Every structure is written in C-alpha cells, then in structure tokens.
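In the working numbering, the protein residues as written are 180 to 355.
Following this line, the structure appears as structure tokens:
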C-alpha cells in the first residue's frame, strides 16, 4: 500500500528549489500538485465583529496542505455547529506555495538493476506546503464578545492538528 512519507523529512525550512513557469523548459518541476485546502474563508465576511483571534506559530517550519485543511475543518465544524454560518468569520492566512518533492527509492529483490541511486535524485512533486516563520499568523477568527471562549477553543483544537506549537492571541477589532 502506497502511503505519504512522514513529514519529519520536510518540516525544516530550507531554500526552496521549486520554480514553476508557463514555459516548460524554464520550470524545475513538471507540475503543481492539487491543493487539499478547499476554502480559505468561511463564515460571514460582510459582518464586522468585536474581536479578532489569531493562531500564531512559535517556530519556523513548513506545514503540509493536508494538515492545514484538517485544522481548518475541525475548527470550522465546531464554530458552524454552535454559531451557524453568520456568527463568525474565519480565514486561513497562509498559502501552500512550496512544492514538496520525493525521490522514491526502489526496494526489494533486484532493485539495484533499475534503480539510478542518487545519480538523478531531484525527485518528483508529491505535495504542497506552506512556509511559516516564527510569529506568523496561520488562522484568524473574528467573533463577538459572547463567543470569545468558543473561538479560542476552536483555535486550540486546530493547533493540535498542526506540527508546531502555537499561541492564541486575542485583539479588539477597532473597525467594528
């Protein structure tokens, strides 16, 4: 059974080498894999809320797009079931631009006959990741004062799905 490689191999921030271009000969990688994130904004975008809560990273790292989507789904479900679609506004503030590559090594009997070893080790695209710096906002939720605790719990639930330690910051919305 084919499974995705553990993300420990990709978590550290290194220099990206994944250029894509509309001209094929100027692209380092052949194609961009499809994003797992379906929506970057949910809830009521028109309404002005009293408070803005943000989920910030405490370290520099890369986060795979399916981890971001999983975190988004858990917090979104908690907010939608309790507040409905009009009681909050949630944004995913990072975009997974970085293309991850995998150099699949052949294993088993006779693998050395058709394997090129490390001679052509650039790898094929296998996923996307967002490159995140320390203190950068990953998610942002806007709510009213009555729903502040629920939004904080939603962000804490989202943080458990992410491969880093996160902090929740609460700020008053001056525009509301």
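Cβ coordinates follow ideal geometry from the N, Cα and C atoms, glycine included.
What you are looking at is a predicted structure, and each value in this text was computed from that prediction instead of being measured.
Does the distance from the C-beta atom of residue i to that of residue j stay below 8 Å?
{"i": "residue 271", "j": "residue 318", "result": "yes"}
{"i": "residue 282", "j": "residue 298", "result": "no"}
{"i": "residue 223", "j": "residue 265", "result": "yes"}
{"i": "residue 183", "j": "residue 242", "result": "no"}
{"i": "residue 258", "j": "residue 330", "result": "yes"}
{"i": "residue 237", "j": "residue 190", "result": "no"}
{"i": "residue 192", "j": "residue 240", "result": "yes"}
{"i": "residue 327", "j": "residue 347", "result": "no"}
Does DSSP classify residue i as helix, strand or coil?
{"i": "residue 179", "result": "Residue 179 is absent from the model: the chain starts at 180 and stops at 355."}
{"i": "residue 327", "result": "helix"}
{"i": "residue 193", "result": "coil"}
{"i": "residue 236", "result": "strand"}
{"i": "residue 332", "result": "helix"}
{"i": "residue 229", "result": "coil"}
{"i": "residue 359", "result": "Nothing can be reported for residue 359: it is not among the residues displayed for the chain, which extend from 180 to 355."}
{"i": "residue 200", "result": "coil"}
{"i": "residue 261", "result": "helix"}
Residues in the same chain with beta-carbon distance under 8 Å from residue i, minus the five sequence neighbours each way, listed in chain order, please.
{"i": "residue 205", "result": "198"}
{"i": "residue 323", "result": "228, 229, 230, 266"}
{"i": "residue 293", "result": "285"}
{"i": "residue 211", "result": "199, 278, 304, 307"}
{"i": "residue 214", "result": "244, 275, 307"}
{"i": "residue 217", "result": "248"}
Starting from residue i, follow its DSSP beta bridges and name the residues at the other end.
{"i": "residue 269", "result": "221, 320"}
{"i": "residue 347", "result": "234"}
{"i": "residue 241", "result": "310"}
Leaving out five residues on either side along the sequence, give the residues of the same chain with a beta carbon under 7 Å from the beta carbon of residue i.
{"i": "residue 338", "result": "234, 345"}
{"i": "residue 253", "result": "336, 337, 340"}
{"i": "residue 186", "result": "243, 342"}
{"i": "residue 196", "result": "207"}
{"i": "residue 354", "result": "227"}
Below 6 Å CB to CB, which residues in the same chain sit around residue i once its five sequence neighbours on both sides are set aside?
{"i": "residue 221", "result": "255, 269"}
{"i": "residue 350", "result": "231"}
{"i": "residue 316", "result": "233, 235, 272"}
{"i": "residue 180", "result": "Residue confidence is low: residue 180 scores 49 on pLDDT, short of 50, so the model does not pin down where it sits. Its coordinate-derived value is still stated next. Cβ within range, chain order: n/a, list empty."}
{"i": "residue 302", "result": "280, 281, 282"}
{"i": "residue 219", "result": "271"}
{"i": "residue 321", "result": "228, 231, 268"}
{"i": "residue 309", "result": "242, 273, 275"}
Report whether the distance from the Cβ of residue i to the nearest heavy atom of the ligand PLP is below 7 Å.
{"i": "residue 317", "result": "Among the ligands in the structure shown, none appear at all, so the ligand PLP cannot be discussed."}
Can you check the stretch 274 to 309 for any beta strand (DSSP E) of at least 3 residues that lies completely inside it and give the ranges in chain order?
Listed in chain order, they are 277 to 281.
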